[in-house]
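Numbering (our numbering), first residue to last: 27 to 91.
Notes follow the structure.
Structural data, given as structure tokens:
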């Protein structure tokens with residue numbers, strides 16, 4: 027599940043909770059950290075296309091170990 031910490035940038039994506047108390051939005055559940063990270067990064071790239079892919083790739087390597 028992806029929860030937006032602050033702001034409203036990710037409110038345009040279905041299944042993203044607006045905060046930890048959001049009882050209205052139906053959350054999207056992911057089977058693991060890797061799939062949630064891939065989805066979250068895809069959303070982030072749509073909003074911020076210049077985000078450094080290397081940081082994400084390093085994160086994926088860390089969680090694979």
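Backbone N, C-alpha and C define an ideal beta-carbon position, used for all residues, glycine too.
All of these numbers come straight from a predicted model, not from anything done at the bench.
- Boundaries of the alpha helix (DSSP H) around residue 82: 79 to 90.
- Residue 43 carries a strand assignment under DSSP once its states are collapsed to helix, strand and coil.
- When only Cα atoms are considered, residue 27 and residue 38 end up about 15 Å apart.
- In this structure, residue 41 sits near residue 54, with a CB-CB distance shorter than 8 Å.
- The three-state secondary structure of residue 64, taken from DSSP, is helix.
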